[in-house]
Amino acid sequence: MTPDDIVVTRMSAWFHGRRFPCSIGRGGVAPPGAKREGDGATPAGKLRITGMLYRADRIAPLTGWAQPIGPMDLWSDDPNDPDYNHLVRTPHRFSHEHLRRADPMYDLVLITDWNWPNSVPGRGSAIFVHQWRRPGVPTAGCVAFARPDLRWIAERVVPGTRLLIRA
């Protein structure tokens with residue numbers, strides 16, 4: 003573990019010597035190998051940041067490697083989809099999540115390598131780092147922060163930054 007790692011526990015995270023309150027999945031932390039699609043759990047273990055998405059109509063890019071979220075961008079969450087746990091575009095006949103949301107939750111998203119790029123169907127999709135709804139409200143399995151804290155973190159991560167999730 004290094005100061006460059008984001009270390010996540012049930013209620014907070016440490017990064018670059020700072021502590022940030024955070025929210026995790028409504029299903030708590032799933033032990034390694036136990037994460038399943040739709041269980042609401044945040045997987046324990048070591049994940050890596052692989053991408054950054056942002057709403058260009060709402061915020062400016064924070065890094066040169068951030069990619070804008072377009073109106074047709076979706077994330078597949080259907081284990082029967084050949085593109086399961088990948089960015090897809092509308093129209094898409096399989097179950098998916100819209101990345102361009104009316105609320106600000108996905109204005110800034112850090113993508114992790116959970117079950118990606120070689121996805122195992124049903125093992126869980128889209129473990130993102132994003133903005134929380136409000137303090138203490140759990141996610142569907144992602145890690146969420148207050149908007150200013152998420153921005154501070156996003157300005158300092160690089161592709162490959164480790165997200166260490168502790169039970």
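Numbering (my numbering), first residue to last: 3 to 169. Idealized CB from N, CA, C, for every residue including glycine.
The three-state secondary structure of residue 118, taken from DSSP, is coil. The count of Cβ pairs closer than 8 Å, one atom from the region 65 to 84 and one from the region 124 to 138, reaches three, so the stretches are in contact. For residue 15, the enclosing beta strand (DSSP E) covers residues 14 to 17.
By the Cβ-count criterion, residue 45 is buried, with 16 or more other Cβ atoms from all chains shown falling within 10 Å of its own Cβ. Residue 107 sits in a helix when the DSSP states are folded into three classes.
Distance from the CA of residue 123 to the CA of residue 35, rounded to the nearest whole angstrom, comes to 13 Å. Counting of Cβ neighbours within 10 angstroms places residue 121 among the buried residues, the total reaching 16 or more. DSSP links residue 147 through a beta bridge to 24, 133.
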